[in-house]
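Colleague: Pasting a structure below so you can have a look.
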Amino acid sequence: MWVCALREARTPALLRRSLLPASGRRPPAAASYSASAEGSRVRALVYGHHGHPTKVVELKNLELAAVGGSDVHVKMLAAPINPSDINMIQGNYGLLPQLPAVGGNEGVGQVVAVGSNVTGVKPGDWVIPATAGLGTWRTEAVFSEEALIGVPSNIPLQSAATLGVNPCTAYRMLKDFEQLQPGDSVIQNASNSGVGQAVIQIAAALGLRTINVVRDRPDLQKLTDRLKNLGAEQVITEEELRTPEMKNVFKDMPQPRLALNCVGGKSSTELLRHLAPGGTMVTYGGMAKQPVIASVSQLIFKDLKLRGFWLSQWKKDHSADQFKELILTLCDLIHRGQLTAPACSEVPLQDYQCALETSMQPFLSSKQILTM
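Okay, so the sequence shown: first residue is 142 according to the numbering used here, each after it adds one.
Here it is, written out as structure tokens:
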């Protein structure tokens, strides 16, 4: 056992420019660029081909690109390892960057310097990626201003580092598929995942009640207590979900009109069984690597709806301003103490092998966050 302290199909030009090898030709220095930073080396986790993350990811020295007029020099502070990051490295995600690529689609950094045309951020500000594929697992980088969103620097570091994917997914799924009112209930599986923990907290902030399904495990009571401390009303195992006693849950709360599925297979079938007539199940992951199976009677006689959600697609369908508004809404919840980061373990960048291996272990209860 180790002890250790997710988009675009093509790689953006700004990423290719920041992936210059240490021996590569340095681009011309921009007038707005600090001479002391010119030609400096950065450490980055790079993969040149797809495969098992611990075998294909390497810690390399890269050359920092010059800052152009619309560019921002960012010192990365922290970046999580998400399931989508692992899938991208393995080559089985919906969209893949050009190789070689720097890993990581999420994180928070601090602005070091800006180009002459940059107006939205200034040195000292905290920023997170506005788009996927930037490669956040590195000590420093030069990004275009449009690829970044400023966030308040007075929120916890772990909250900022994990803000751009899981909480956004949780918020949109709670808001976009059913018109839920305070007192309504939501059922979800994978409830201890990053999205699951965000769903519990955001739902509580909205006055919604949650039924949270988890896999049975040795430390089940500890996990149950932690999820209830976040605002979960019911925490049950996959096995309990299949028992007749589940009907007792709905003596004290309405049947859910919204189910959130990150597992697939039998788990998703059980979620459907407990949905209220006319309800919707939204699938955003497939941990079991098994198809979603819905009975004909559920579709005909209960008029259940099956939908999918992918944050990358939502961002394509909405403006940058709408995504920024979403981020600021979540920051407001953080400021109010209604949204905290998932359970995290901070791991120094050089210990990435341990962090990657841990991220792929079953029953993971702590998200691995690389610190720079």
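C-beta atoms are modelled at their ideal positions from N, C-alpha and C, and glycine is treated no differently. All values derive from a computational prediction rather than experimental measurement.
1) Which residue marks the beginning of the alpha helix (DSSP H) containing Pro194, and which one marks its end?
2) Can you round the beta-carbon distance between Val390 and Ile352 to whole angstroms, since I take them to be within the 8 Å contact cut?
3) What residue does the beta strand (DSSP E) around Glu95 start on, and which one ends it?
4) Tell me whether the region 291 to 300 and the region 361 to 373 touch, counting them as touching only if at least three CB pairs, one residue from each stretch, are closer than 8 Å.
5) So, helix, strand or coil for Gly291, using DSSP?
6) Using CA coordinates, which residue listed in Thr421, His415, Ser409, Gly420 is at the minimum distance from Ala429?
7) Output the distance between the C-alpha atoms of Gly261 and Val255, rounded to the nearest integer angstrom.
8) Please report the straight-line C-alpha distance between Gln502 and Val198, rounded to a whole angstrom.
9) Output yes if chain D places a C-beta closer than 8 Å to the C-beta of Ala301; else output no.
10) On the three-state DSSP scale, how would you describe Trp278?
11) Out of Ala311, Ser486, Pro359, which has the shortest C-alpha to C-alpha gap to Ser507?
12) Starting from Arg350, trace the beta strand (DSSP E) both ways and give me its first and last residue.
13) Helix, strand or coil for Tyr493? Go by DSSP, reduced to three states.
14) Quick check for students: name the residue ranges of the beta strand (DSSP E) that lie wholly in the region 212 to 237, counting only runs of 3 or more.
15) Over the uninterrupted alpha helix (DSSP H) stretch that includes Leu413, give me the two end residues.
16) Could you pull out every residue in the same chain whose Cβ sits closer than 8 Å to the Cβ of Arg448, ignoring the five residues on either side in sequence?
17) Just the C-alpha distance for Pro418 and Leu399, rounded to the nearest angstrom, thanks.
Modeller: The answer reads as follows:
1) Following the DSSP letters along the chain, one finds Pro194 inside the alpha helix (DSSP H) bounded by residues 194 to 197.
2) In this structure Val390 is in contact with Ile352, their Cβ atoms being roughly 6 Å apart against a cut-off of 8 Å.
3) This structure does not reach residue 95, given that the chain is present from 142 up to 513, and the question cannot be answered.
4) At 8 Å Cβ cutoff, the stretches do not touch.
5) Strand at Gly291.
6) Looking at the Cα atoms, Ser409 is the closest of the given residues.
7) Rounded to whole angstroms, Gly261 to Val255 spans 10 Å at the Cα level.
8) Between Gln502 and Val198, the C-alpha separation is close to 17 Å.
9) Here chain D cannot be found, since the structure has a single protein chain.
10) DSSP, read as helix, strand or coil, puts Trp278 in coil.
11) Just measuring C-alpha positions, the residue of Ala311, Ser486, Pro359 sitting nearest Ser507 is Ser486.
12) For Arg350, the enclosing beta strand (DSSP E) starts and ends at 350 to 355.
13) Tyr493 carries a helical assignment under DSSP once its states are collapsed to helix, strand and coil.
14) Those beta strand (DSSP E) runs which fall completely within the region 212 to 237 and span 3+ residues are 212 to 221.
15) Element bounds for Leu413: 406 to 414.
16) Closer than 8 Å at the Cβ level, and outside the excluded window around Arg448, lie Phe318, Thr421, Met422, Val423, Thr424.
17) Cα to Cα, Pro418 sits roughly 10 Å from Leu399.
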